[in-house]
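Numbering (our numbering), first residue to last: 86 to 285.
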């Protein structure tokens, strides 16, 4: 049985404004006040885990202990099938020190070259951690393919090159509500909500 979240304030363990906004919107219906690790001035921990869940746990635990509040961390990335799952857990690092994802998307496209298989998936791991060290972790995925050139202004990260299966628009061309309903983050979030937020 997962531990239930019964507070009203939650730290989003991220300095990524797009991610913080998206998670905040997903939590809104539960009346939870969110504050980001960036707003609290918390340092970013070294993410040296080898999986999305390991890195989400590192971030959530560091923020929960530093803030003395439960913290929710997300570790997500793009896995390109023809590139053996790259960039994967290094998705943000491909964007370089300035976090310029147009650089990262161009690098992915260049590496793919003329490969016909442009299949890819986004993976999202979510970890909810408490200051006492207890953690609950969940993982969601959404599958699709990559397009080039980039299209759309609404998303963040690799959204402008990812077309989810069954659609002909990228995540960055979708209305946020439509993306929220089906994304990798939404899938992991559904598991988190069912386990930790809904009444038992």
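Backbone N, C-alpha and C fix where the C-beta goes; we use that ideal spot for every residue, glycine too.
| Query | Result |
| --- | --- |
| Reduced DSSP secondary structure (H/G/I, E/B, other) of residue 254 | coil |
| Rounded separation between residue 277 and residue 178 - CA only | 26 Å |
| Burial state of residue 124, where buried means 16 or more other Cβ atoms lie within 10 Å | exposed |
| Residues that residue 204 bridges to, as DSSP identifies them | 230 |
| Rounded separation between residue 98 and residue 234 - CA only | 32 Å |
| Buried/exposed call for residue 86, threshold 16 Cβ in 10 Å | exposed |
| For residue 195: DSSP bridge partner residues | According to DSSP, which records beta bridges pairwise, residue 195 is partnered with nothing at all. |
| Span of the alpha helix (DSSP H), counted from its first residue to its last, around residue 97 | Careful: residue 97 lies outside any alpha helix (DSSP H), inside the beta strand (DSSP E) at 94 to 97. |
| Beta-carbon proximity list for residue 147, same chain, < 6 Å, skipping 5 on both sides | 130 |
| Nearest neighbour of residue 269, chosen from 171, 114, 164 [CA to CA] | 164 |
| Touch test, the segment 246 to 265 against the segment 211 to 225, Cβ-Cβ under 8 Å, three pairs minimum | no |
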